[in-house]
Amino acid sequence: MHKLFHGHGGRSHINKPLPEPLVDPDEGKTPIGELVIVPIQGRDLPNRERFGKQDPFILFKLGNVSKRSSTDVRGGQRPRWKDDQLNIKMYESDAKDATSLYVTCLDEDHQKNDFIGNCVVNLAKVLEYGEHDDWFELTYKGREAGELQLQLTYYSFVRAFSPTRFRVLFLVCWFLFILFAFTTY
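Below, the structure is given as structure tokens:
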């Protein structure tokens with residue numbers, strides 16, 4: 001709401017509200033990695049449209065972050081998503097909540113989106129091996145509701161300290177210690 005006030009010289013000015021400061025909700029958090037989700041296609045999805053083909057899209061939820069794929073207009077029961085890539089940064093403080101990816105497939109409608117099916121993807125494989133590409137089965141009211149092919153990739157920002165790297169570092173330190181010990185006597 002704008003307020004009218006009189007400034008210098010009796011002229012009226014409109015007091016415009018100041019813009020809200022931009023706040024990064026992730027500021028101060030330590031990023032540990034990024035999950036990249038590439039939806040490829042669906043198969044055998046139940047048709048939720050009465051007339052014509054359905055327009056499927058996918059919602060992904062990881063912790064408190066949600067991402068949405070594009071809509072495959074008239075994708076029907078075998079939708080394909082072209083060039084979709086959804087990136088979700090993962091933070092140290094949220095790591096315990098980031099073990100499952102919640103996937104929901106919906107039919108986009110003007111009035112109300114229709115539920116096609118959902119699943120929960122355990123992220124253990126992708127977090128351990130860096131990638132996991134597979135077909136994931138959707139369910140609707142406890143029954144099969146087709147499958148989604150997803151390509152999941154995890155990029156860690158934290159360097160793993162491998163046993164080989166540890167041995168090399170240990171040998172270098174030991175060598176420097178011996179070298180220092182003999183040069184000082």
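The sequence shown begins at 1 in the UniProt record's numbering and counts up by one.
From the three backbone atoms N, C-alpha and C, an ideal C-beta is built for every residue, glycine too.
>> Taking only three categories from DSSP, how would you classify Gly10?
In response: Legend: pLDDT at Gly10 = 47, less than 50; position of this residue unreliable, value from coordinates given subsequently. In this structure, Gly10 counts as helix in the three-state DSSP scheme.
> Excluding the five sequence neighbours on either side, which residues of its own chain have a C-beta within less than 8 Å of the C-beta of Gly32, listed in chain order?
Replying inline: According to the sequence shown, residue 32 is Ile rather than Gly. The residues Met90, Tyr91, Glu92, Ala95, Ser156, Phe157 and Val158, in chain order, have a CB closer than 8 Å to that of Ile32 in the same chain once the five nearest residues on each side in sequence are set aside.
> Could you give the residue range of the beta strand (DSSP E) that holds Glu34?
Replying inline: Unbroken beta strand (DSSP E) run through Glu34: Pro31 to Arg43.
>> Going by beta-carbon coordinates alone, are Ser66 and Asp84 separated by less than 8 Å?
In response: With a cutoff of 8 Å on beta-carbon distance, Ser66 and Asp84 are scored as not near each other.
> Thinking C-alpha only, which one of Lys141, Gly76 and Arg50 is nearest Cys119?
Replying inline: With distances taken between Cα atoms, Cys119 lies closest to Lys141.
> Quick one: is Ala145 buried, meaning 16 or more other Cβ sit within 10 Å of its Cβ, or exposed?
Replying inline: By the C-beta density criterion, Ala145 is buried, having at least 16 other C-beta atoms within 10 angstroms.
>> Please tell me whether, using a cut-off of 7 Å, the distance from the CB of Ile88 to the nearest non-hydrogen atom of the ligand GDP is below it.
In response: Absent from the structure shown: the ligand GDP. Ligands present: none.
> Going by the beta-carbon positions, is the gap between Leu127 and Phe136 smaller than 8 Å?
Replying inline: Contact flag unset, no.
> Ends of the alpha helix (DSSP H) at Leu127?
Replying inline: That run of the alpha helix (DSSP H) goes Ala124 to Tyr129.
> Rounded to the nearest angstrom, how far is the Cβ of Glu108 from that of Thr71, given a contact under 8 Å?
Replying inline: Yes, they are in contact, since the Cβ atoms of Glu108 and Thr71 sit about 5 Å apart, within 8 Å.
>> Does Val23 come out as helix, strand or coil in the three-state DSSP assignment?
In response: For Val23, the pLDDT reaches just 48, beneath the cut-off of 50, and the residue's location in the model is therefore unreliable, leaving the point undetermined.
> Is the Cβ-Cβ distance between Leu106 and Leu152 less than 8 Å?
Replying inline: Not a contact, by the Cβ cut-off of 8 Å.
> Given Arg74, which residues of its chain have a CB within under 6 Å of its CB, disregarding the five upstream and five downstream residues?
Replying inline: Leaving aside the five residues that flank Arg74 on each side, the residues in its chain whose CB is nearer than 6 Å to its CB run, in chain order, Lys53.
>> Since Arg48 and Arg78 should fall inside the 8 Å C-beta cutoff, what is the C-beta to C-beta distance between them, to a whole number of angstroms?
In response: Actually they do not touch by this definition, with Cβ atoms about 14 Å apart.
> Taking the continuous beta strand (DSSP E) assigned at Thr104, which residues delimit it?
Replying inline: Run containing Thr104: Ser100 to Asp107, per the beta strand (DSSP E) assignment.
> Got a sec? Which residues, its chain only, sit under 8 Å from His8 by beta carbon, not counting five neighbours each side?
Replying inline: Confidence at His8 is low in this model, with a pLDDT of 45, below 50, so its placement is unreliable and no value can be given for it.
> Got a sec, what are the start and stop residues for the beta strand (DSSP E) Val65 sits in?
Replying inline: Val65 -> beta strand (DSSP E) spans Val65 to Arg68.
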